[in-house]
Amino acid sequence: MKSAPMATAAAIALSALVAVPAQDAPPPRSPSLDGTVELSAAAALRVPYESGPDASGAPAFGFEEWANLRLQVPAGDYGTVHAALNLVAASGEAALPVPPFVEAPGYSAAIELERLYWKASAEAFDAEAGLMRLAFGYGTAFSPSDFLGSRNPLAPRARPRGRLALAATAYPADPWKAKAFVVAPDDSLYDGGRGFVAGTVHDLHGPAGSLQLLGAFLDAEPAGDRPDAQWLFGLSAKLDAAVGVVLDAAYRLDTGTLATGERFDADWPAWRAMEASLGVDWSFLDGDVYMTAAWLFNGPGVLDPGDDPGELYLDGADPWYETSPYGRLPAAGAVPGALNGRHYAQATLLWSVDDYTRATFSVLASPFDLSFVPAIALEHEPAQGLVLAAECRAAVDGHILSPDGKRGELGPDNTGTFATLSLRATLRF
14 MKSAPMATAA
24 AIALSALVAV
34 PAQDAPPPRS
44 PSLDGTVELS
54 AAAALRVPYE
64 SGPDASGAPA
74 FGFEEWANLR
84 LQVPAGDYGT
94 VHAALNLVAA
104 SGEAALPVPP
114 FVEAPGYSAA
124 IELERLYWKA
134 SAEAFDAEAG
144 LMRLAFGYGT
154 AFSPSDFLGS
164 RNPLAPRARP
174 RGRLALAATA
184 YPADPWKAKA
194 FVVAPDDSLY
204 DGGRGFVAGT
214 VHDLHGPAGS
224 LQLLGAFLDA
234 EPAGDRPDAQ
244 WLFGLSAKLD
254 AAVGVVLDAA
264 YRLDTGTLAT
274 GERFDADWPA
284 WRAMEASLGV
294 DWSFLDGDVY
304 MTAAWLFNGP
314 GVLDPGDDPG
324 ELYLDGADPW
334 YETSPYGRLP
344 AAGAVPGALN
354 GRHYAQATLL
364 WSVDDYTRAT
374 FSVLASPFDL
384 SFVPAIALEH
394 EPAQGLVLAA
404 ECRAAVDGHI
414 LSPDGKRGEL
424 GPDNTGTFAT
434 LSLRATLRF
């Protein structure tokens with residue numbers, strides 16, 4: 014295992030930096046180190062580059078070892094330094110020949126700094142600065158107001174990235190938390206001072222639920238993907254009762270769209286700036302079964318109900334589905350690997366078979382083109398901190414069920430994969 018020596022060396026080096034006290038100073042409190050090491054094997058059935066009656070899927074195999082190390086170090090009486098590091102060694106289907114991967118015989122490796130920030134806390138005030146995660150909203154499967162690092166339901170196990178930011182939090186009253194934040198531009202090499210994000214978020218908590226209000230200004234970089242500066246307003250509310258209910262919404266306006274009524278050279282009615290999700294969750298059988306269901310309205314999506322997924326790509330010589338998914342050029346406004354349609358539904362059922370075994374059944378659906386991604390996962394904990402898991406995911410649409418059926422956004426031709434099977438062993442410490 015390549016990451017074990019790297020993890021040990023990193024832990025020893027970081028511990029040494031904080032473990033040596035200054036002359037005549039009291040010894041500092043010990044830092045805490047925890048993390049996850051995971052070894053997985055995956056097999057995928059890929060869509061062939063060309064479609065036709067004789068075409069068949071091409072299998073792809075891969076291995077990956079992944080470690081996430083998290084360090085927390087006290088700094089004085091009021092401060093704490095937080096750091097997190099990802100170490101990856103992969104081969105085959107799991108390895109991507111792009112930075113930050115470094116290729117070596119038999120595997121590709123990468124080291125990623127995931128979090129590095131300090132936090133100072135007083136009785137009614139917190140300050141944070143550095144590479145950190147700023148999360149917004151109470152949504153589960155879909156969270157439109159979490160605009161800085163929203164989770165992607167097509168990659169549910171991916172960890173949201175951090176952002177370089179400054180944040181200050183005040184607690185004016187017991188149920189009220191107010192935060193102001195400033196975030197560095199998306200383009201880390203741009204030094205013109207444009208492209209920053211600034212905003213404020215307010216949380217109100219009560220005995221039966223919570224409410225969050227968000228306002229942010231997204232400045233425009235001269236060479237960025239955003240055509241104009243944007244204003245974003247978010248609202249997230251959850252009700253805790255016999256059935257939990259969550260509403261999460263965001264309204265995003267380009268300043269240029271406000272002036273012209275157009276975006277990407279097309280008419281842009283007011284409802285296109287809205288993203289909203291409504292979710293419910295409940296449990297029964299003494300909590301052994303937990304279920305969630307959610308609906309997403311994605312106003313900015315490129316695909317209207319009934320559109321062909323080919324609208325996501327620029328016109329080429331061949332039909333879009335006869336070109337490798339990795340060789341297609343996205344159309345204006347389309348984001349590869351993301352949800353680009355208007356409506357989605359998601360449902361999950363988690364069954365705790367016993368204290369050590371869990372089964373999860375889930376499905377993500379695009380209802381207007383009848384494409385969906387079902388998944389099943391099984392987890393077992395044979396020893397404390399060790400989890401063995403197996404997961405299978407498939408891509409289904411009308412064309413899979415019938416040669417004359419319609420190709421859908423979540424189907425294999427658009428996603429590039431018929432099905433994947435992964436086996437994982439995870440050790441938490």
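Our numbering numbers the first residue of the sequence shown as 14 and each following residue consecutively.
All C-beta atoms in this analysis are idealised placements derived from N, C-alpha and C, irrespective of residue type, glycine included.
- Residue pairing by DSSP places Q397 in no beta bridge whatsoever.
- Of the residues A135, P72, S53, the one whose Cα lies closest to the Cα of D90 is A135.
- Between the segment 373-389 and the segment 409-425 there are three or more C-beta pairs closer than 8 Å, enough to call the two in contact.
- R59 is the residue among A137, T93, V348, R59 whose C-alpha sits nearest the C-alpha of E106.
- Here V409 is buried: its Cβ has 16 or more other Cβ atoms, across all protein chains shown, within 10 Å.
- In the three-state DSSP reduction, A283 falls in the helix class (H, G or I).
- Distances from the CA of Q85 to each of A347, R128, D299, A438 were compared; the closest alpha carbon is that of R128.
- C-alpha of Q359 to C-alpha of V376: approximately 6 Å in a straight line.
- The continuous alpha helix (DSSP H) containing T428 extends over residues 425-428.
- Put simply, of A254, R146, A193, P185 the residue whose alpha carbon is nearest the alpha carbon of R172 is R146.
- Where G411 is concerned, the enclosing alpha helix (DSSP H) starts and stops at 411-414.
- Y339 sits in a helix when the DSSP states are folded into three classes.
- About 26 Å separates the beta carbon of N311 from that of G340, a gap too long to meet the 8 Å contact definition.
- In the three-state DSSP reduction, Y326 falls in the strand class (E or B).
- If you look at W79, you'll find it in the beta strand (DSSP E) that goes 71-88.
- Inter-residue distance for A233 and P416 is about 46 Å (C-alpha atoms, whole angstroms).
- At a Cβ-Cβ threshold of 9 Å, A191 and H215 count as neighbours.
- Remark: C-beta atoms of H412 and A402 do not approach each other more closely than 9 Å.
- Around the beta-carbon of L352, 16 or more other beta-carbon atoms lie within 10 Å, marking it buried.
- A buried status is given to E78, since no fewer than 16 other beta-carbon atoms sit within 10 Å of its beta-carbon.
- Assignment of Y334 by DSSP, reduced to helix, strand and coil, places it in the helix class.
- A check of alpha carbon separations from P157 across P313, A254, V366 identifies P313 as the nearest.
- About 7 Å separates the beta carbon of G212 from that of L227, a gap short enough to meet the 8 Å contact definition.
- Contact between S45 and Y151 does not hold, since the beta-carbon distance rounds to 28 Å and is not under 8 Å.
- Looking at Y357, D328, D187, A254, the one whose alpha-carbon comes closest to that of E288 is Y357.
- Residue pairing for A402: DSSP places it in a beta bridge opposite E392, R437.
- Rounded to the nearest angstrom, the Cβ distance from F194 to L179 is 7 Å, consistent with a contact under 8 Å.
- Taking G92 as reference, the option from W131, M304, R420 with the minimal CA-CA separation is W131.
- Secondary structure in the segment 144-188: the beta strand (DSSP E) runs of 3 residues or longer, each lying completely within the stretch, are 176-186 in chain order.
- Between the C-alpha atoms of A306 and A254 there is a straight-line separation of about 16 Å.
- With respect to the 9 Å criterion, A263 and Q225 are not classified as neighbours on the basis of their beta carbons.
- As DSSP reads the structure, Y357 sits in a beta bridge with L309.
- At a Cβ-Cβ threshold of 9 Å, R406 and L391 do not count as neighbours.
- Around S365, the same chain offers D301, R371 as residues with beta carbons nearer than 7 Å, after the five sequence neighbours per side are excluded.
- Setting aside the 5 residues that flank it on each side, F374 is surrounded in the same chain by L362, I389, each with a C-beta closer than 6 Å to its C-beta; the list follows chain order.
- If you draw a 10 Å sphere on the C-beta of N99, you find 16 or more other C-beta atoms in it, and that means buried.
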